[in-house]
Amino acid sequence: MILILSLFCLYRKFELYTMDWDLKEPLRDCLVAAAPYGGPIALLRNPWKKEKSPSIRPLLQIYSSSGVALASLLWKSGPVVLLGWSAEEELLCVQEDGSVLVYGLHGDFRRHFSMGNEVLQNRVLDARVFHTEFGSGIAILTGAHRFTLSANVGDLKLRRMPEVPGLQALPSCWTVLFQDRVTFVLLAVGPDLFLLDNTACSGVVPPGLAPGVSGFLQMAVSFNYRYLALFTDTGHIWMGLASLKEKLYEFNCNIRAPPKQMAWCSRPKGKQKAVVVAWERRLLIAGNVPESIQFVLDEDSYLVPELDGVRIFSRNIHEFLHEVPVASEEIFRIASMAPGALLLEAQKEYEKESQKADEYLREIQEREQLPQAVRQCIEAAGHEHQPEMQKSLLRAASFGKCFIDKFPPDTFVRMCQDLRVLNAVRDYPIGIPLTYTQYKQLTIEVLLDRLVLRRLYPLAIQICEYLRLPEVQGVSRILAHWACYKVQQKDVSDEDVARAINQKLGDTPGVSYSDIAARAYGCGRTELAIKLLEYEPRSGEQVPLLLKMKRSKLALSKAIESGDTDLVFTVVLHLKNELNRGDFFMTLRNQPVALSLYRQFCKHQELETLKDLYNQDDNHQELGNFHIRASYVAEERIEGRVAALQTAADEYYKAKNDFAAKATEEQMRLLRLQRRLEDELGGHFLDLSLHDTVTSLLLSGSNKRAEQLARDFRIPDKRFWWLKLTALADREDWEELEKFSKSKKSPIGYLPFVEVCMKRHNKFEAKKFAARVSPEQRVKAFLLIGDVAQAADVAIEHRNEAELSLVLSHCTGASDGATAEKIQRARALAQRK
Numbered sequence: 001m002i003l004i005l006s007l008f009c010l011y012r013k014f015e016l017y018t019m020d021w022d023l024k025e026p027l028r029d030c031l032v033a034a035a036p037y038g039g040p041i042a043l044l045r046n047p048w049k050k051e052k053s054p055s056i057r058p059l060l061q062i063y064s065s066s067g068v069a070l071a072s073l074l075w076k077s078g079p080v081v082l083l084g085w086s087a088e089e090e091l092l093c094v095q096e097d098g099s100v101l102v103y104g105l106h107g108d109f110r111r112h113f114s115m116g117n118e119v120l121q122n123r124v125l126d127a128r129v130f131h132t133e134f135g136s137g138i139a140i141l142t143g144a145h146r147f148t149l150s151a152n153v154g155d156l157k158l159r160r161m162p163e164v165p166g167l168q169a170l171p172s173c174w175t176v177l178f179q180d181r182v183t184f185v186l187l188a189v190g191p192d193l194f195l196l197d198n199t200a201c202s203g204v205v206p207p208g209l210a211p212g213v214s215g216f217l218q219m220a221v222s223f224n225y226r227y228l229a230l231f232t233d234t235g236h237i238w239m240g241l242a243s244l245k246e247k248l249y250e251f252n253c254n255i256r257a258p259p260k261q262m263a264w265c266s267r268p269k270g271k272q273k274a275v276v277v278a279w280e281r282r283l284l285i286a287g288n289v290p291e292s293i294q295f296v297l298d299e300d301s302y303l304v305p306e307l308d309g310v311r312i313f314s315r316n317i318h319e320f321l322h323e324v325p326v327a328s329e330e331i332f333r334i335a336s337m338a339p340g341a342l343l344l345e346a347q348k349e350y351e352k353e354s355q356k357a358d359e360y361l362r363e364i365q366e367r368e369q370l371p372q373a374v375r376q377c378i379e380a381a382g383h384e385h386q387p388e389m390q391k392s393l394l395r396a397a398s399f400g401k402c403f404i405d406k407f408p409p410d411t412f413v414r415m416c417q418d419l420r421v422l423n424a425v426r427d428y429p430i431g432i433p434l435t436y437t438q439y440k441q442l443t444i445e446v447l448l449d450r451l452v453l454r455r456l457y458p459l460a461i462q463i464c465e466y467l468r469l470p471e472v473q474g475v476s477r478i479l480a481h482w483a484c485y486k487v488q489q490k491d492v493s494d495e496d497v498a499r500a501i502n503q504k505l506g507d508t509p510g511v512s513y514s515d516i517a518a519r520a521y522g523c524g525r526t527e528l529a530i531k532l533l534e535y536e537p538r539s540g541e542q543v544p545l546l547l548k549m550k551r552s553k554l555a556l557s558k559a560i561e562s563g564d565t566d567l568v569f570t571v572v573l574h575l576k577n578e579l580n581r582g583d584f585f586m587t588l589r590n591q592p593v594a595l596s597l598y599r600q601f602c603k604h605q606e607l608e609t610l611k612d613l614y615n616q617d618d619n620h621q622e623l624g625n626f627h628i629r630a631s632y633v634a635e636e637r638i639e640g641r642v643a644a645l646q647t648a649a650d651e652y653y654k655a656k657n658d659f660a661a662k663a664t665e666e667q668m669r670l671l672r673l674q675r676r677l678e679d680e681l682g683g684h685f686l687d688l689s690l691h692d693t694v695t696s697l698l699l700s701g702s703n704k705r706a707e708q709l710a711r712d713f714r715i716p717d718k719r720f721w722w723l724k725l726t727a728l729a730d731r732e733d734w735e736e737l738e739k740f741s742k743s744k745k746s747p748i749g750y751l752p753f754v755e756v757c758m759k760r761h762n763k764f765e766a767k768k769f770a771a772r773v774s775p776e777q778r779v780k781a782f783l784l785i786g787d788v789a790q791a792a793d794v795a796i797e798h799r800n801e802a803e804l805s806l807v808l809s810h811c812t813g814a815s816d817g818a819t820a821e822k823i824q825r826a827r828a829l830a831q832r833k
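Reminder that position 384 of the sequence shown reads as 384 in UniProt numbering, one-by-one numbering, no gaps.
See below:
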């Protein structure tokens, strides 16, 4: 039914559903809460006020907007002051003691929280649930006449509002405002209005308010918190900005009785702002004109403010009242000559095969308004609730598109898709009566979430496939939700549930079996969770949940199978904290990979634990190695180090590693000797190797001690001669070096003597030893001291081609020309022979 409010604006009210919920009590005897965006309706009969027998428990019932029962449960908790829906469609039940119980759409208890000790002590007189960009909030008026609120029940942060002067009873009306990211409470105390923010209470006066007002009976804030309406005891309705800085208009309805409800009825960017006021048997729409629209209500009704209108439901019917969109108004206005209206008539005449279709079409084309006509019909189709009217308008738009070159099809196709989705969710069994404006504000992602909340998985999947949404955002996510619901069906065996989930999901991208398993574990089905984890390909997702389920050994096996060492370390450290020491070691013995990694960890972090591991395994070889490292890392005193080495030697003997044991004993002897040398000679000897110790002694001139050390530790003669030769050359003790060379026949020959002398740039001493070099090394010795001529003589004497070539390569200067010729003649002579 279309109702004229003024010459320029139309309002219409049409039926959404015939309610078939068979209510036993009238709505006025129930606490009622209806969620916006076509959301569910919750009813709770209030026996503490209406029922003669308080022992009878009230019944909490949840319905869809079409009256389909979703849940029903006996209320076994305390008296309820308010029911409200959160933005996530969770039912918030505010009790007198300040506790808030949260239920799901199907009556499943989710959680509870308290509004604080002050509320508990003073009880709750009244409450409001409100929605902001921060989430869903609750405001409480306590018996001490103080307000407490939280802007987001998901992240509860309670704020106690300032005290209101003179407030000794329940305010005549109050509401919550949201301005500039700040939450306010607006309340009326007699003729005065007070605005509470975080820090102060200030009195406010609505501009342009009619005189004679002695009280405010009702107030309403618009859906977007931009506008405010006040109903006074004089029967006037003041409408203005929610900031109370500007008045839009004021309407006198000549009714002084307090209204039961009041709500704004306007659409975003609409040209009219109107307020709907409801009494027991009367409904009034007031705007910025002297006239109003009034209805007689046959039964108790309840108003639900929406983004673009007001839903009105009673025991028998559910309706929607809204301002007619501009496109619809222009098309359906009587005798309208708008391009959309002419195109609709043209299409209807075309179907009748009438010549008038061409006349209408020509008229539109002559005015060059055909694209505008098509757009009007597409837009109007979106705002229609009846599928037949949608089809009629879309047929008209399709008809007009045929006569436009390159008309972009996106708008038409998208509208067809949107309407198909909207008609599907508006269907009576589904019962979500979204308008096109609400649907666009809500987004398809949120709509799919709401279908999932209602367990309408097949419909949600069909919509995803129809709109071709990415699997991760669409079908996969819905299937994951379905699987999480499936694990809650405790009447089905674990094996059957796991198999059904795997058959349905398979390897669907974006589905996490670990998340589903976590839900199963949360429902107390540990075995089912383990079966589901078998399908999880990512070990990193399996292991944390297995640890949480106290299945640490299985978690260790999965971590080892993954090959992820970090994951294995995580499980091993968890096992260490969970098991006693013996069981922990026994568990590691059965997992060699984990044991090896733990040993590596202990080498750097827990040396004593590493020793215990080796002791348990009787691993004497590693115990010996452990004590060797400990002697250098952990021990500082020489006695402690020697003791550690002795323990290491004993372990090596037990391991039948005689070489390591004897080497360790030799090291102990060396340590003792080094300590004695430091005491007697001074200097630093500890921790030097045997060779370095001998070298230090030689450098310090303690030749006899060095020789004795070499004899004691059986250093081979060749090695000792090298050490002494190098040390004497470093000291540049050439006299001692010569004596040393003559002490007996050199086991390393005399070429090294030439080399060390030349390294120290002592050619004079080098020449002494060059003559003593063995014949086969003599050419090299003469070349080292730079005597190319003598090297050539020796090479010619040896008749060695390699030596001749070597000497020839050193003949570089003019002075070596004669030597080079001598070599060449020797070569030629050798070739002739």
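Beta carbons are placed, not taken as given, at the ideal position from N, Cα and C, and that holds for glycine. On a predicted model such as this, the values are computed, not experimentally measured, just so you know.
Item to complete: Name the one or two DSSP bridge partners that Pro305 has.
Response: Numbered from 1 along the sequence shown, position 305 holds the residue referred to as residue 305. Val310, per the DSSP bridge assignment.
Fill in: Pick from Leu547, Asn502 and Ile237 that is closest to Pro259, judged by C-alpha positions
Taking the first residue of the sequence shown as position 1, residue 259 is located at position 259. Checking every option, the nearest Cα to that of Pro259 belongs to Ile237.
Worksheet item: Quick one, are the C-beta atoms of Ala727 and Leu698 less than 7 Å apart?
Response: On the sequence shown, position 727 is the one that residue 727 refers to. On the sequence shown, position 698 is the one that residue 698 refers to. Taking 7 Å as the Cβ cut-off, Ala727 and Leu698 qualify as a contacting pair.
Discussion item. Does Ala69 come out as helix, strand or coil in the three-state DSSP assignment?
Written reply: As a working note, residue 69 is residue 69 in the sequence shown. Three-state result, Ala69: strand.
Worksheet item: Hey, Val497 and Val487 are a contact pair by Cβ (cut 8 Å); roughly how many whole angstroms apart?
Response: Start at 1 with the first residue of the sequence shown, and residue 497 comes out as number 497. Start at 1 with the first residue of the sequence shown, and residue 487 comes out as number 487. Between Val487 and Val497 the Cβ distance is about 6 Å, and since that is below 8 Å, they are a contact.
Worksheet entry | Close-in-space but distant-in-sequence residues of the same chain around Glu96 (CB under 7 Å, 5 per side omitted) | Residue 96 sits at position 96 when you count from the first residue of the sequence shown. These residues qualify, in order along the chain: Gly78, Pro79, Val81, Arg123 and Val124.
Item to complete: With DSSP as the reference, label Trp279 as helix, strand or coil.
Response: The count along the sequence shown starts at 1 and reaches residue 279 at position 279. Coil at Trp279, not helix or strand.
Worksheet item: Ordered along the chain, which non-local residues of its own chain (more than five positions away) have a Cβ less than 6 Å from that of Glu541?
Response: Walking along the sequence shown from the start, residue 541 turns up at place 541. So the list reads Ser514, once near-sequence residues are dropped.
Worksheet item: Got a sec? Which residues, its chain only, sit under 8 Å from Val475 by beta carbon, not counting five neighbours each side?
Response: As a position in the sequence shown, residue 475 is number 475, starting the count at 1. The answer, listed in chain order, is Ile461, Cys464, Glu465, Leu469 and Thr508.
Practice prompt. May I have a chain-ordered list of the alpha helix (DSSP H) segments no shorter than 4 residues that lie completely inside the segment 708-782?
Written response: 717-731, 734-743, 751-759 and 763-770
Practice prompt. Entirely within the segment 284-357 and at least 3 residues each: give me those beta strand (DSSP E) ranges in chain order.
Written response: Considered as a whole, the segment 284-357 harbours 292-296, 302-306, 309-313 and 317-323 as its complete beta strand (DSSP E) runs of no fewer than 3 residues, in chain order.
Discussion item. Excluding the 5 residues flanking Gln114 on each side, which residues of the same chain have their C-beta closer than 6 Å to its C-beta?
Written reply: Within the sequence shown, numbered from 1, the residue matching residue 114 stands at position 114. At residue 114 the sequence reads Ser, which differs from the Gln that was named. So the qualifying residues of the chain are Gly98 and Ser99.
Worksheet item: Tell me which same chain residues have a C-beta within less than 7 Å of the C-beta of Thr819, skipping the five on either side of it?
Response: Position 819 of the sequence shown, counted from the first residue, corresponds to residue 819. Non-local beta-carbon contacts of Thr819 in its own chain, meaning distances under 7 Å to residues more than five positions away in sequence, involve Val788, Ala789, Ala792 and Cys811 in chain order.
Worksheet item: In three-state terms, what does DSSP make of Asn252?
Response: Counted from its first residue, the sequence shown places residue 252 at position 252. Strand, per DSSP.
Worksheet item: Can at least three beta-carbon pairs, one atom from the segment 136-149 and one from the segment 164-171, be found at a separation below 8 Å?
Response: yes
Fill in: Rounded separation between Leu156 and Ile138 - CA only
On the sequence shown, position 156 is the one that residue 156 refers to. On the sequence shown, position 138 is the one that residue 138 refers to. Whole-angstrom Cα-Cα distance: 10 Å.
Worksheet item: Between Leu533 and Leu547, which are expected to be in contact by the criterion C-beta below 8 Å, what is the C-beta distance as a whole number of angstroms?
Response: Taking the first residue of the sequence shown as 1, we reach residue 533 at position 533. Taking the first residue of the sequence shown as 1, we reach residue 547 at position 547. Rounded, the Cβ-Cβ distance is 12 Å, inconsistent with contact.
Discussion item. Checking the sheet assignment: what are the DSSP bridge partners for Met262?
Written reply: Taking the sequence shown and counting its residues from 1, one reaches residue 262 at position 262. Paired residues: Val277.
Discussion item. Taking the alpha helix (DSSP H) that Gly522 belongs to, which residues open and close that run?
Written reply: In the sequence shown, counting from the first residue as 1, residue 522 sits at position 522. Tyr513 to Gly522 is the span of the alpha helix (DSSP H), which, as asked, contains Gly522.
Worksheet item: Going along the chain, which residues of its own chain have a beta-carbon closer than 8 Å to the beta-carbon of His574, five neighbours each way excluded?
Response: Along the sequence shown, one-based indexing puts residue 574 at 574. Contacts found: Leu547, Ser552 and Ala555.
Discussion item. Between Asp730 and the ligand FAD, is there a pair consisting of the residue's CB and a ligand heavy atom that are separated by less than 6 Å?
Written reply: Looking for the ligand FAD in the displayed structure turns up nothing, as the structure carries no ligands at all.
Item to complete: Answer with buried or exposed for Met1, where buried requires no fewer than 16 other C-beta atoms within 10 angstroms of its C-beta.
Response: In the sequence shown, residue 1 corresponds to position 1, counting from 1. Because the pLDDT at Met1 is just 45, under 50, the model does not fix this residue reliably, and the point stays unresolved.
Worksheet item: Could you give the C-beta distance for Pro40 and Leu92, rounded to a whole number, given that I count them as a contact under 8 Å?
Response: As a position in the sequence shown, residue 40 is number 40, starting the count at 1. As a position in the sequence shown, residue 92 is number 92, starting the count at 1. For Pro40 against Leu92, the beta-carbon gap comes to about 13 Å, at or over 8 Å, which does not count as contact.
Fill in: CA-to-CA distance, Ser314 to Leu27, given in whole angstroms
Along the sequence shown, read from residue 1 onward, the residue named residue 27 stands at position 27. Along the sequence shown, read from residue 1 onward, the residue named residue 314 stands at position 314. One C-alpha to the other measures close to 7 Å.
Fill in: Candidates Ala397, Arg57 and Leu725, of which the one nearest Leu73 by Cα
Within the sequence shown, numbered from 1, the residue matching residue 73 stands at position 73. Ranking Ala397, Arg57 and Leu725 by Cα distance to Leu73 puts Arg57 first.
Worksheet item: Excluding sequence positions up to five away, which residues of its chain have a Cβ less than 7 Å from the Cβ of Ala520?
Response: Residue mapping note: residue 520 aligns to position 520 of the sequence shown, counting from 1. Here the set comprises Val487, Leu528, Ala529 and Leu532.
Practice prompt. Consult DSSP for Gln488 and reduce its assignment to one of helix, strand or coil.
Written response: Along the sequence shown, one-based indexing puts residue 488 at 488. Gln488: coil per DSSP, three-state reduction.
Worksheet item: How would you write the range of the beta strand (DSSP E) that Ser392 sits in, first residue to last?
Response: The residue labelled residue 392 in the question sits at position 392 within the sequence shown. Careful: Ser392 lies outside any beta strand (DSSP E), inside the alpha helix (DSSP H) at Pro387 to Lys401.
Practice prompt. Label Ser689 either buried or exposed according to how many other C-beta atoms from any shown protein chain fall within 10 Å of its C-beta, with 16 as the threshold for buried.
Written response: By one-based count along the sequence shown, residue 689 stands at place 689. With fewer than 16 Cβ atoms within 10 Å of its Cβ, Ser689 is classed as exposed.
Practice prompt. Assign Gly640 to one of two classes, buried (16 or more other C-beta atoms within 10 Å of its C-beta) or exposed (fewer than that).
Written response: Taking the sequence shown and counting its residues from 1, the one referred to as residue 640 is at position 640. Classification for Gly640: exposed.
Practice prompt. Specify, as a first and last residue, the run of the alpha helix (DSSP H) that Asp233 falls within.
Written response: If you number the sequence shown from 1, residue 233 lands on position 233. No alpha helix (DSSP H) contains Asp233, which DSSP labels as neither H nor E.
Fill in: Local conformation of Gln441 per DSSP, three classes
Indexing the sequence shown from 1 puts residue 441 at position 441. Note: Gln441 maps to helix in three-state DSSP.
Worksheet item: In the structure shown, what three-state DSSP assignment does Phe412 receive?
Response: Translated into positions along the sequence shown, residue 412 becomes position 412. Helix, per DSSP.
Worksheet item: Do you know how far the Cα of Pro592 is from the Cα of Met549?
Response: Within the sequence shown, the letter at position 549 stands for residue 549. Within the sequence shown, the letter at position 592 stands for residue 592. Roughly 24 Å between the two C-alpha positions.
Worksheet item: Are at least three pairs of beta-carbons, each pair with one atom in the segment 242-258 and one in the segment 206-217, less than 8 Å apart?
Response: Short answer: they touch.
Discussion item. Based on DSSP bridge pairs, tell me the residues matched to His131.
Written reply: The residue given as residue 131 occupies position 131 in the sequence shown. For His131, DSSP records a beta bridge to Ser136.
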